[in-house]
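Chains U and V supply the protein sequences, listed in that same order. Residues in the first sequence are numbered from 1 upward in steps of one, following the working numbering. Residues in the second sequence are numbered from 112 upward in steps of one, following the working numbering.
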Amino acid sequence: DVKVTQSSRYLVKRTGEKVFLECVQDMDHENMFWYRQDPGLGLRLIYFSYDVKMKEKGDIPEGYSVSREKKERFSLILESASTNQTSMYLCASRRTGGGYTFGSGTRLTVV
Amino acid sequence: TQLLEQSPQFLSIQEGENLTVYCNSSSVFSSLQWYRQEPGEGPVLLVTVVTGGEVKKLKRLTFQFGDARKDSSLHITAAQPGDTGLYLCAGAGAGGTSYGKLTFGQGTILTVHP
Numbered sequence: 001d002v003k004v005t006q007s008s009r010y011l012v013k014r015t016g017e018k019v020f021l022e023c024v025q026d027m028d029h030e031n032m033f034w035y036r037q038d039p040g041l042g043l044r045l046i047y048f049s050y051d052v053k054m055k056e057k058g059d060i061p062e063g064y065s066v067s068r069e070k071k072e073r074f075s076l077i078l079e080s081a082s083t084n085q086t087s088m089y090l091c092a093s094r095r096t097g098g099g100y101t102f103g104s105g106t107r108l109t110v111v
Numbered sequence: 112t113q114l115l116e117q118s119p120q121f122l123s124i125q126e127g128e129n130l131t132v133y134c135n136s137s138s139v140f141s142s143l144q145w146y147r148q149e150p151g152e153g154p155v156l157l158v159t160v161v162t163g164g165e166v167k168k169l170k171r172l173t174f175q176f177g178d179a180r181k182d183s184s185l186h187i188t189a190a191q192p193g194d195t196g197l198y199l200c201a202g203a204g205a206g207g208t209s210y211g212k213l214t215f216g217q218g219t220i221l222t223v224h225p
């Protein structure tokens, strides 16, 4: 069964900490995405990557960065966590022309 | 930025009733997808519609893509408690460099009472 695995289901971090969210897919997909999901706002795209070492900003990239050193792994980095980054973070991967496969999400709380 | 307006935001019905969820935009999409998400999990793809006017059926769920590829609807017949969840529509950009980025609607929280 194909899978997108996010390293943590729940995280609690302090304001100002550097936070790493990891995502791994086993489907050899070219495209990977990071979204955040907030009530009433739906899913908003933070960053995406269409190939190893390639990245593009999404709609809300401020305060985030990403890394894709290997095809199967796409990391989201919060450089200095703030309380307004408390959210559900969803990683997804997609082969060209196909639908998304999502991970189970990481619920991040910044205190 | 392409926007998708999804309605209604909340839907609470009794088992056996029918319902329709709408997804509208002023933009044209190359395809439109519907996802279902359960609490604590990521969204799961239900269907992709590509051609204007296309209708797809998945058991009691009927999906339709508008002729102009700007809108879509999800109709559920004889809803069951197991249909409870968050339903999301998502459109893929029509541009050649979109890399499959999806624009999501705000979602519809459906609750089906026994």
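Every residue, glycine too, gets a C-beta built ideally from N, C-alpha and C. Just so we're clear, the structure is a prediction, and the values are computed from it rather than from any experiment.
Interface annotation, Thr-159/V: in contact with chain U, CB-CB separation under 7 Å. Within the segment 56–68 of chain U, the residues whose Cβ lies closer than 9 Å to some Cβ of chain V are Glu-56, Gly-58, Asp-59, listed in chain order. The closest CA to that of Leu-11/U, considering only Leu-78/U, Ser-93/U, Gly-97/U, Arg-95/U, is found on Leu-78/U. For Arg-94/U, a Cβ of chain V is located within less than 7 Å of the residue's own Cβ. Within 8 Å of the CB of Lys-212/V, the CB atoms of chain U belong to Phe-33, Leu-45, Phe-48, Gly-58, in sequence order along the chain. Scanning its chain for C-beta atoms nearer than 8 Å, with the 5 sequence neighbours on each side dropped, one finds around Lys-212/V the residues Ala-203, Gly-204, in chain order. Measuring C-alpha to C-alpha distances from Met-54/U to each of Ala-81/U, Lys-70/U, Gly-97/U, Thr-15/U identifies Lys-70/U as the nearest.
By the neighbour-count criterion, in which a residue is buried when 16 or more other Cβ atoms sit within 10 angstroms of its Cβ, Ala-190/V is buried.
Against chain V, the beta carbon of Tyr-100/U has neighbours under 7 Å at Leu-156, Leu-213, listed in chain order. For the C-beta of Ser-82/U, not a single chain V residue is nearer than 8 Å; the gap to the nearest is close to 23 Å. Residue contact with chain U for Gly-202/V: absent (no Cβ-Cβ distance below 7 Å to any residue of chain U). About 7 Å separates the CB atoms of Met-27/U and Thr-101/U; that is less than 8 Å, so the two are in contact. In terms of CA proximity to Gln-25/U, Phe-74/U leads the group Arg-9/U, Asp-38/U, Phe-74/U, Val-110/U. For the options Gly-127/V, Glu-152/V, Gly-216/V, the alpha carbon positioned closest to that of Pro-225/V is the one of Gly-127/V. With the rule of 3 Cβ pairs closer than 8 Å, the segment 102–110 of chain U counts as touching the segment 148–164 of chain V. Counting of Cβ neighbours within 10 angstroms places Val-160/V among the buried residues, the total reaching 16 or more. According to DSSP, Leu-122/V shares a beta bridge with Leu-221/V. By the CB criterion at 7 Å, Lys-181/V and Val-139/V fall inside the cutoff.
Taking Tyr-89/U as reference, the option from Arg-14/U, Glu-30/U, Val-19/U with the minimal CA-CA separation is Val-19/U. Close CB contacts of Thr-188/V within its chain, under the 7 Å cut and outside five residues either way in sequence, are with Asn-129, Arg-171 (chain order). Inclusion of Trp-145/V and Phe-174/V in the CB contact set at 7 Å is warranted, their separation being smaller than that value.
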